[in-house]
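Asker: Starting off with a structure, shown below.
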Amino acid sequence: MNVEFLNLIYQNAQMGLIGIDAVKDKVEDKEIVKLIKEQRKEYEEMCRCAEKILAKYGASEKEIGVLQKLASKIMAEAMSINKEDKNIVKLMMEGNEKGVIAIKEKINMYQDDERIATEVMDLAKRLYETEEHNREEFENYL
């Protein structure tokens, strides 16, 4: 149960990294570039934390499927063809919103499950707050 939840957390953060990597070189506004770099560090930290906790359970992270990665990259590339920063910001906000929905659904599912370790639930809640915060930060650039 904990390993499954941790892999969902890891994959959610990994999707954030994929989305950022697909658009980061297309943004011109220096403030947005700075914001994206900060958010990338947050997702990297989430992945590291999930990996560390998974190791305690004798498990390793389950990567996102190749097709899911490819679909995400293609969508990000297609959406960022129009290189207006505002369009990229919208794309990033949509990604954050998907992340919020996905992790909140799992938090609600596992909230009362006594088999879920506190550190796992805490990491999930931290990811949820990060996704929400990241989405809100992008609102300033619409």
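Read left to right, the sequence shown gives residues 7 to 148 (our numbering).
Heads up, the beta-carbon is just placed ideally off N, CA and C, and yes, glycines get one too.
Between the Cα of Phe11 and the Cα atoms of Val39, Phe144, Ala123 and His139, which residue gives the shortest distance?
Answerer: Position 5 of the sequence shown, counting from 1, holds the residue named residue 11. The candidate whose alpha carbon is nearest that of Phe11 is Ala123.
Asker: Can you tell me the Cα-Cα spacing of Leu97 and Lys112, whole angstroms?
Answerer: Residue 97 sits at position 91 when you count from the first residue of the sequence shown. Residue 112 sits at position 106 when you count from the first residue of the sequence shown. C-alpha separation (whole angstroms): 23 Å.
Asker: Determine whether the beta carbon atoms of Tyr147 and Ile38 lie at a separation below 8 Å.
Answerer: Locating residue 147 in the sequence shown gives position 141, where the first residue counts as 1. Locating residue 38 in the sequence shown gives position 32, where the first residue counts as 1. Contact: yes.
Asker: Pull up the distance between the alpha-carbon of Asn114 and that of Asp35, whole angstroms please.
Answerer: Position 108 of the sequence shown, counted from the first residue, corresponds to residue 114. Position 29 of the sequence shown, counted from the first residue, corresponds to residue 35. Rounded to whole angstroms, Asn114 to Asp35 spans 37 Å at the Cα level.
Asker: Fully enclosed by the stretch 31 to 67, which alpha helix (DSSP H) runs are 4 residues long or longer?
Answerer: If we require 4 residues or more, the alpha helix (DSSP H) runs fully inside the stretch 31 to 67 come out as 36 to 62.
Asker: Going by C-alpha to C-alpha distance, which of Lys131, Asp27, Leu41 and Cys55 sits closest to Glu145?
Answerer: For the purposes of this step, residue 145 is taken as residue 139 along the sequence shown, with counting starting at 1. Per the Cα distances, Leu41.
Asker: Please state the DSSP three-state secondary structure of Asn18.
Answerer: Within the sequence shown, residue 18 is the residue found at index 12, counting from 1. The answer is helix: DSSP assigns Asn18 an H, G or I state.
Asker: Can you list, in chain order, the residues of its chain with a C-beta nearer than 6 Å to that of Thr136? Leave out the 5 residues immediately preceding and following it.
Answerer: If you number the sequence shown from 1, residue 136 lands on position 130. Taken in chain order, the residues that qualify are Glu48.
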